[in-house]
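Protein chains in written order, with full-length UniProt numbering: chain A, 1 to 473; chain B, 1 to 473.
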């Protein structure tokens with residue numbers, strides 16, 4: 001079992017890196033993880049400021065893999081649907097699925113990360129080193145250069161293989177790009193919009209100020225606010241807004257008066273829940289929304305990108321963390337396939353890294369595109385009658401024929417047995433079928449639901465077939 | 001006319017930069033052009049080694065704009081179609097259009113560039129400085145740093161505005177990317193294939209060894225060879241081949257024997273024309289095929305990217321140079337619109353740069369995607385019966401109804417009055433309509449051509465409308 005003594009170096013102990021470390025630890029590898037930030041379990045993070053994330057079925061596959069599903073469940077707040085808020089403060093709950101058992105969860109990034117670190121450190125063969133920033137990676141020699149934040153000392157670590165889970169600003173990816181030793185395809189794409197986090201604090205009794213079990217959305221066409229619940233009774237609120245377009249934008253929201261005016265006009269019911277709005281607004285940073293794609297993800301068998309370092313996406317499908325956890329699951333299944341060959345020397349890490357990218361990249365490309373789609377859908381489509389009719393029909397289909405129909409959202413979020421790419425192709429074809437049949441009067445929201453199901457299925461297949469013949473799939 | 005004395009600095013005196021310098025010179029601006037290479041008019045370029053390019057109607061708009069259409073025509077060799085060569089050496093001429101007056105041209109890059117430089121230098125207000133390499137651009141202060149190749153001295157030039165036409169490896173684009181002073185969306189995407197140039201020399205009498213007025217193609221599924229004629233009787237030949245996939249690839253074509261074997265097996269008739277093959281193969285570099293997209297193209301009113309620096313594309317649609325010339329035409333028309341305001345101070349360069357990107361980028365994005373499409377089409381589709389039937393129908397439609405039908409190729413290449421994006425959307429819809437109606441038996445190559453025209457038009461409109469309703473256009 002010579003390879004079990006191989007040293008695996010992981011850069012970054014965020015959500016992806018700590019799950020990967022845990023899993024590689026379980027498999028018996030020697031694992032060293034280097035993280036640039038301090039240990040978040042020992043750092044005081046003030047209540048209500050922690051970022052939360054949407055956690056759903058694909059992410060849960062990772063938790064099942066390492067056997068901590070129940071522990072994670074204790075950190076979750078189920079969100080059954082979107083609670084839509086209009087300008088008058090009216091609310092409308094739109095379920096995520098017509099099937100009652102399908103919902104997503106709000107989870108604290110810090111709480112989940114701490115759990116994964118705890119579980120990883122239970123393995124003697126896993127060591128996690130904090131406050132060590134990766135400066136660059138020598139991917140020819142499988143070494144990485146770090147700087148200790150406290151002593152400022154620089155040092156070099158070598159390993160048998162290096163996996164970078166160091167997020168959208170990955171040091172390994174930067175080395176791939178800047179060294180120009182091979183053809184590295186790379187893209188960074190920013191939206192016109194940025195985001196800023198705000199907070200709805202709990203009541204004095206520690207209760208939730210608004211309905212707990214939903215993802216709240218205040219959609220306003222060109223911008224929006226969302227809110228996800230935290231365990232302490234607070235909500236983390238995010239404003240998505242253009243940097244410089246429209247009447248109000250991040251560039252011109254420059255005084256307390258204009259910020260208050262903007263919320264008064266657009267989000268009066270949210271403003272009521274946020275007496276702390278102005279303080280939060282000017283204390284918290286405005287951050288960009290970017291998509292990163294690249295290829296190859298690996299260099300020979302020496303180094304590999306995983307998680308956001310390989311495929312950072314915008315948050316509009318709530319799949320960023322879930323996609324990274326699914327990366328670990330996919331990587332693990334390829335390890336299963338080749339581990340015997342790896343131990344015996346018949347296969348190297350290159351075989352594994354190469355097959356991992358080949359099977360995985362089509363799916364992470366798809367979720368990146370789906371997340372951009374959803375940005376535009378939320379901006380432009382949410383208020384259009386035809387899209388509302390489509391949603392109504394889909395909810396009815398999922399309720400009446402739970403085994404026969406899943407919307408694009410359900411395919412992406414709750415059908416973890418199929419890949420993102422298949423979910424995208426089928427989901428887009430279904431959307432096109434329903435929208436066009438509504439537009440052409442072939443179906444209507446009043447029709448018999450079985451009749452609609454048959455027509456949607458037939459038309460979806462026809463669309464997929466037409467694209468296949470034209471070479472567009 | 002204060003702005004006429006504005007100093008415009010152009011980085012790069014290639015095809016785009018020299019046309020831009022000429023046009024800006026004609027308009028009366030003070031223009032300084034800095035080019036990193038020596039003056040190509042004074043450098044000996046050995047016969048048969050010069051690169052040639054496809055020159056067509058969009059590029060010709062630029063020549064008309066500056067009044068040198070006739071001079072350029074003298075450099076052109078018309079290519080009426082593709083001469084396809086199979087493995088047995090059989091040839092088949094496939095016209096580019098069913099309309100006789102529509103053809104493309106082979107032109108020498110060096111010859112055309114020299115003409116543009118000569119014309120630009122006729123203007124006293126235009127100065128071209130060779131052997132000056134741009135190292136970086138300070139886009140906050142509108143200055144550029146150069147190095148003189150001969151003296152190695154570095155110097156800084158300032159200007160009222162800087163336009164970078166310095167190609168795919170643009171120094172200005174690199175400064176945008178590395179400085180991180182604003183959100184810069186950027187992508188570089190490489191194909192799995194690279195290319196290598198070879199030569200078919202003239203006969204001893206200086207005649208062409210094969211048919212002159214065609215673009216010769218030896219399509220072989222996963223790789224191909226093409227050849228374009230030069231005025232001196234030679235052809236410039238390009239081999240497109242994977243770096244590392246397939247039985248033969250650039251990585252394993254490492255000895256004279258294996259290169260000869262490869263050509264003997266795949267391109268026997270081309271090998272006969274190239275006794276110099278092995279020498280060329282090992283002397284000439286293998287180069288990658290990349291697409292570059294980015295945004296924004298400008299920083300305030302200080303600096304602007306144009307041509308390949310803003311949008312480098314792969315060569316499979318023969319539109320790279322044409323797109324860059326069309327850039328100059330589009331930029332010029334926006335200058336026409338705002339020049340009064342620019343002179344009076346009512347508008348600045350920022351207004352012009354911003355509107356230029358807004359109107360132009362959708363079209364250069366489209367030709368980049370079309371060029372990638374064609375790479376796959378040439379590899380995968382060229383041998384399929386259904387695609388051959390489509391081509392046959394389209395040629396008949398263009399011949400019988402020259403006013404009513406243009407294929408995607410014709411829309412892109414010969415319909416210079418519409419943009420690339422419109423050509424792409426309509427062309428793709430037409431392709432999809434014809435392929436699906438062929439597949440479903442709704443049309444066949446034996447049908448009445450008027451009947452086919454009506455069906456194709458109706459189905460194309462339906463496809464465009466369906467995409468519009470689904471929000472996919």
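Note that CB positions come from ideal geometry on N, CA and C, so glycine has one too.
Taking the beta carbon of residue 70 of chain A as the centre, do at least 16 other beta carbons fall within 10 Å, making it buried, or is it exposed?
As a position in the first chain, residue 70 of chain A is number 70, starting the count at 1. Flag for residue 70 of chain A reads exposed.
Name the DSSP beta bridge partners of residue 218 of chain B, please?
As a working note, residue 218 of chain B is residue 218 in the second chain. DSSP, once it has assigned bridges, lists B/225 as partnering residue 218 of chain B.
Skipping 5 residues on each side, what residues in its chain have a beta carbon closer than 7 Å to that of residue 269 of chain B?
Numbered from its first residue, the second chain carries residue 269 of chain B at position 269. Once the five neighbours on either side are set aside, the close Cβ partners of residue 269 of chain B are 85 and 89.
How is the beta strand (DSSP E) around residue 9 of chain B delimited, first residue to last?
On the second chain, residue 9 of chain B is found 9 positions in, with the first residue counted as 1. Per DSSP, residue 9 of chain B belongs to the beta strand (DSSP E) from 7–11.
For the pair the segment 102–115 of chain A and the segment 149–156 of chain A, tell me if three or more CB-CB distances fall below 8 Å.
no
Can you list, in chain order, the residues of its chain whose CB lies under 8 Å from that of residue 477 of chain B, leaving out five sequence neighbours each side?
Outside the displayed span of chain B (1 to 473) sits residue 477 of chain B, for which this structure offers no information.
Straight-line gap, residue 288 of chain A to residue 205 of chain A (C-alpha atoms, nearest Å):
Taking the first residue of the first chain as 1, we reach residue 288 of chain A at position 288. Taking the first residue of the first chain as 1, we reach residue 205 of chain A at position 205. Going by the C-alpha atoms only, they are around 35 Å apart.
Going by DSSP in three states, residue 439 of chain B sits in which element: helix, strand or coil?
The residue labelled residue 439 of chain B in the question sits at position 439 within the second chain. Looking at residue 439 of chain B - three-state DSSP - the assignment turns out to be helix.
For chain A, is any of its Cβ atoms less than 8 Å away from the one on residue 185 of chain B?
As a first step, residue 185 of chain B is located in the second chain; it is residue number 185 there, counting from the start. Answer yes: the Cβ-Cβ gap between residue 185 of chain B and chain A drops below 8 Å somewhere.
Under 9 Å between beta-carbons, which chain B residues line up against residue 288 of chain A? List them in chain order, please.
As a first step, residue 288 of chain A is located in the first chain; it is residue number 288 there, counting from the start. What residue 288 of chain A touches in chain B: 183.
With a CB to CB cut of under 7 Å and the five nearest residues on each side skipped, what residues in its chain are close to residue 102 of chain A?
Along the first chain, read from residue 1 onward, the residue named residue 102 of chain A stands at position 102. Once the five neighbours on either side are set aside, the close Cβ partners of residue 102 of chain A are 96, 410 and 414.
Assign residue 138 of chain A to one of three DSSP states: helix, strand, or coil.
Here residue 138 of chain A refers to the residue found at position 138 of the first chain. If DSSP states are grouped into helix, strand and coil, residue 138 of chain A belongs with the strands.
Return yes when the Cβ of residue 195 of chain B is within less than 8 Å of the Cβ of residue 267 of chain B, no when it is not.
Position 267 of the second chain holds residue 267 of chain B. Position 195 of the second chain holds residue 195 of chain B. Cβ distance not < 8 Å, so residue 267 of chain B and residue 195 of chain B don't count as in contact.
Terminal residues of the beta strand (DSSP E) in which residue 464 of chain B lies:
Counted from its first residue, the second chain places residue 464 of chain B at position 464. Looking at the DSSP string, residue 464 of chain B is not in any beta strand (DSSP E); the run it does join, the alpha helix (DSSP H), is 449–469.
Rounded distance between the beta-carbons of residue 35 of chain A and residue 128 of chain A, thought under 8 Å:
Along the first chain, read from residue 1 onward, the residue named residue 128 of chain A stands at position 128. Along the first chain, read from residue 1 onward, the residue named residue 35 of chain A stands at position 35. Their Cβ separation, rounded to whole angstroms, is 7 Å, which keeps residue 128 of chain A and residue 35 of chain A in contact under 8 Å.
Output the residue ranges of the beta strand (DSSP E) runs that lie fully inside the segment 240–321 of chain A and measure 3 residues or longer, sorted by chain position.
286–295 and 303–305
Compile a chain-ordered list of the residues in the segment 418–446 of chain B whose CB is closer than 7 Å to at least one CB of chain A.
431, 432, 435, 436 and 439
Going by alpha carbons, who is nearest to residue 354 of chain A out of A/331, A/77 and A/218?
As a working note, residue 354 of chain A is residue 354 in the first chain. When each option's Cα is compared against that of residue 354 of chain A, the closest is A/331.
May I ask you to list, following chain order, the residues of the segment 284–312 of chain A that have a beta carbon less than 7 Å from some beta carbon of chain B?
288
Any non-hydrogen atom of the ligand FAD within 7 Å of residue 186 of chain A CB
With respect to the ligand FAD, the structure shown offers nothing to examine, as it has no ligands at all.
For chain A, check one thing: does any of its Cβ atoms lie closer than 8 Å to the Cβ of residue 469 of chain B?
Sequence index remark: in the second chain, residue 469 of chain B carries index 469 (1-based). True, the Cβ-Cβ gap to chain A drops below 8 Å.
Can you confirm whether residue 189 of chain B, when its beta carbon is compared against all beta carbons of chain A, has any partner nearer than 8 Å?
One-based indexing of the second chain puts residue 189 of chain B at position 189. So, interface residue.
Contact list for residue 466 of chain B against chain A, beta-carbon separation under 8 Å:
The sequence position of residue 466 of chain B within the second chain is 466, counting from 1. Simply 432 and 436.
Please specify which runs of the alpha helix (DSSP H), each continuous and at least 4 residues long, are wholly inside the segment 363–426 of chain A, giving them in chain order.
385–400 and 408–414
Should residue 441 of chain A be labelled buried (16 or more other beta-carbon atoms within 10 Å of its own) or exposed?
Here residue 441 of chain A is taken as the residue at index 441 of the first chain, counted from 1. Exposed, because fewer than 16 other Cβ atoms sit within 10 Å of the Cβ of residue 441 of chain A.
Environment of residue 364 of chain A [buried if 16+ CB atoms lie within 10 Å]:
In the first chain, the residue the question calls residue 364 of chain A occupies position 364. Classification for residue 364 of chain A: buried.
Cα-Cα separation, residue 49 of chain B to residue 368 of chain B
Translated into the one-based positions of the second chain, residue 49 of chain B becomes position 49. Translated into the one-based positions of the second chain, residue 368 of chain B becomes position 368. Note that residue 49 of chain B scores 46 on pLDDT, short of 50, meaning its location in the model is unreliable; the coordinates nonetheless yield the value given after this. Distance between the alpha carbons of residue 49 of chain B and residue 368 of chain B: 27 Å.
When the Cα of residue 213 of chain B is compared with those of B/338, B/93 and B/182, which residue comes out closest?
As a working mapping, residue 213 of chain B is identified with position 213 in the second chain. Checking every option, the nearest Cα to that of residue 213 of chain B belongs to B/93.
Have a look at B/316, B/39 and B/312 and flag the residue whose alpha-carbon is nearest the alpha-carbon of residue 226 of chain B.
The residue labelled residue 226 of chain B in the question sits at position 226 within the second chain. Residue 226 of chain B has its Cα closest to that of B/316, out of B/316, B/39 and B/312.
Cβ-Cβ distance between residue 397 of chain A and residue 464 of chain A below 8 Å:
Taking the first residue of the first chain as 1, we reach residue 397 of chain A at position 397. Taking the first residue of the first chain as 1, we reach residue 464 of chain A at position 464. No. Outside cutoff.
Could you have a look at residue 197 of chain A and say whether DSSP puts it in helix, strand or coil?
Numbered from its first residue, the first chain carries residue 197 of chain A at position 197. In the structure shown, residue 197 of chain A sits in a strand (DSSP, three-state: E or B).
Looking only at its chain, what residues have a beta carbon closer than 7 Å to the beta carbon of residue 46 of chain A, apart from the 5 residues adjacent to it on each side?
Within the first chain, the letter at position 46 stands for residue 46 of chain A. Model confidence at residue 46 of chain A stands at a pLDDT of 49, short of 50, so the residue's coordinates are unreliable and nothing is read from them.
Three-state secondary structure (DSSP) of residue 36 of chain A
In the first chain, the residue the question calls residue 36 of chain A occupies position 36. Looking at residue 36 of chain A - three-state DSSP - the assignment turns out to be coil, as it is neither helix nor strand.
Which of helix, strand or coil does DSSP assign to residue 172 of chain A?
By 1-based counting over the first chain, the position of residue 172 of chain A is 172. In the structure shown, residue 172 of chain A sits in a helix (DSSP, three-state: H, G or I).
Mapping DSSP to helix, strand and coil, what is residue 46 of chain A?
The count along the first chain starts at 1 and reaches residue 46 of chain A at position 46. Because residue 46 of chain A carries a pLDDT of 49, less than 50, the predicted location of this residue cannot be relied on, and the following value inherits that uncertainty. In the structure shown, residue 46 of chain A sits in coil (DSSP, three-state: anything other than H, G, I, E or B).
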